[in-house]
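Reviewing the structure listed below.
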Amino acid sequence: MVQPTLVEIATFIRNRFLHNRSALNVTEEVSALGVKLGEGMFGDVYAADWTHPDTGAVVPVAVKLLKNSIANKMNWTYATVYELANHELSCWLEIEPHENVLPIIGFSWVQTEGLPSVPGLVTPRVDRPNIRSVLETEATTFEQRRQIIIQVANGLQHIHSANIVHGDFHPGNIFLHQGRALIADFGLSKVVGASTIVPHQQLRDKDELGVYMNVPELVEFDESDDDTPRPARTQKSDIYMLGKSADYILTFEIADALRYLHDECLNSDPAARPSAEAIALKFHSFN
Ligand SMILES: Nc1ncnc2c1ncn2[C@@H]1O[C@H](COP(=O)(O)OP(=O)(O)O)[C@@H](O)[C@H]1O
Ligand SMILES: [Mg+2]
Numbered sequence: 085m086v087q088p089t090l091v092e093i094a095t096f097i098r099n100r101f102l103h104n105r106s107a108l109n110v111t112e113e114v115s116a117l118g119v120k121l122g123e124g125m126f127g128d129v130y131a132a133d134w135t136h137p138d139t140g141a142v143v144p145v146a147v148k149l150l151k152n153s154i155a156n157k158m159n160w161t162y163a164t165v166y167e168l169a170n171h172e173l174s175c176w177l178e179i180e181p182h183e184n185v186l187p188i189i190g191f192s193w194v195q196t197e198g199l200p201s202v203p204g205l206v207t208p209r210v211d212r213p214n215i216r217s218v219l220e221t222e223a224t225t226f227e228q229r230r231q232i233i234i235q236v237a238n239g240l241q242h243i244h245s246a247n248i249v250h251g252d253f254h255p256g257n258i259f260l261h262q263g264r265a266l267i268a269d270f271g272l273s274k275v276v277g278a279s280t281i282v283p284h285q286q287l288r289d290k291d292e293l294g295v296y297m298n299v300p301e302l303v304e305f306d307e308s309d310d311d312t313p314r315p316a317r318t319q320k321s322d323i324y325m326l327g328k329s330a331d332y333i334l335t336f337e338i339a340d341a342l343r344y345l346h347d348e349c350l351n352s353d354p355a356a357r358p359s360a361e362a363i364a365l366k367f368h369s370f371n
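Counting in the working numbering, the sequence shown runs from 85 upward without gaps.
The following block contains the structure:
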């Protein structure tokens, strides 16, 4: 059975959705959950298979469930959990198929131990869902990194042209599949001008990979003043995070060396500068 491409899956799902909204419930088409694939700030992600209802092709998928710990901490009810999944799904579906945007297949009800079923978001499983492990384990050339940046910029442009703010753009949400970069995770997305359902306190200053993502206009406000409106994510905050992500991708191994140079060798205090021997030793330790 020929596997459909990601753009073919996206096109199939979107057409089906335009005809029948309830077609997004793909529970009947998804197998039981297998191994855990990974997790982010909000979701635990498991392997499963989705059977394409027209062609019968069995497509490996990932199913994302909201973490119990988050739902408990936030005192979210099942209604909120459902609303969050539905919100992520509907932002995602605003976006027409694009080769640099991970498609969404739909949601599947998942029975968890002793609890009511929860909705899991179903996406095609990708080869490399973690760009850091790609940079760590493979020697990538400047040209390959340049291509990744061009592709994610193209994907983000496409998302923006659908009037969507991604809202959580960082290297942990850039996946690679069959040599192509894909933007994933619409959990904090919204239509331009709308508010997110996710509370402000979850604006964080660090992503899962430890990259600082302090978007200045989102973090510099007076928390103690209840009258000031909380700053909202915008397409311009996405751009800031795209810039940070591109910086991360370009400088992955040289970032530590640069930090050392700037902090130590270029110190404005002459006494704080290391010896040439120490510099040579330090550069032996970078790889
Ligand atoms: N389609 C997928 N294929 C393979 N792994 C995935 C997929 N989607 C998510 N994952 C894994 O789960 C992690 C969290 O997914 P993500 O959608 O970013 O959730 P969160 O909203 O919690 O950040 C990813 O970093 C990745 O390791
Ligand atoms: Mg994520």
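Even for Gly, the Cβ is constructed at its ideal location relative to N, Cα and C. Keep in mind it's a predicted model, so treat the numbers as computed, not measured.
- By the criterion of a C-beta distance shorter than 6 Å, Asn-257 is surrounded in its chain by Ala-268 and Asp-269, once the five residues flanking it on both sides are discounted.
- For Phe-367, the enclosing alpha helix (DSSP H) starts and ends at 360 to 369.
- Between the region 149 to 168 and the region 122 to 130 there are three or more inter-stretch CB-CB distances shorter than 8 Å, so the stretches are counted as touching.
- Rounded to whole angstroms, the gap between the alpha carbons of Val-206 and Gln-241 is 24 Å.
- Taken from the Cβ of Arg-209, at least one heavy atom of ligand 1 lies inside 6 Å.
- Given a length threshold of 4 residues, each whole run of the alpha helix (DSSP H) inside the region 185 to 230 is given here in chain order: 215 to 221.
- Close CB contacts of Asp-252 within its chain, under the 7 Å cut and outside five residues either way in sequence, are with Asp-269, Gly-271 and Leu-272 (chain order).
- In terms of Cβ geometry, Val-147 and Gly-204 form a close pair [threshold 7 Å].
- Excluding five sequence positions before and after Cys-175, the CB atoms of its chain that fall closer than 6 Å to its own CB belong to Ile-248, Phe-270 and Ser-273, given in chain order.
- DSSP places Leu-177 within a helical segment (H, G or I) once states are collapsed to three.
- Relative to ligand 1, even the nearest heavy atom lies 6 Å or more away from the CB of Val-218.
- Taking 7 Å as the cut-off, the Cβ atoms of Ile-333 and Pro-187 do not count as close.
- Put simply, the backbone Cα of Thr-225 is about 45 Å away from that of His-103.
- Beyond the five residues adjoining it in sequence on each side, Asp-340 comes within less than 8 Å, by CB distance, of Phe-370 in the same chain, given in chain order.
- Counting only the Cα atoms, Asn-170 lies some 20 Å from Leu-117.
- For Thr-135, same chain residues with a beta-carbon under 7 Å away, outside a window of 5 residues either side, are Glu-113 and Val-142 in chain order.
- Residue environment analysis places Phe-259 among the buried positions, since at least 16 neighbouring C-beta atoms fall within 10 angstroms of its C-beta.
- Distances from the alpha-carbon of Gln-87 to those of Asp-138, Arg-100 and Val-119 put Asp-138 closest.
- The Cβ neighbour count for Gly-239, taken over all protein chains shown within 10 Å, is at least 16; the residue is labelled buried.
- Less than 7 Å divides the Cβ of His-250 from the Cβ of Ile-243.
- DSSP places Glu-167 within a helical segment (H, G or I) once states are collapsed to three.
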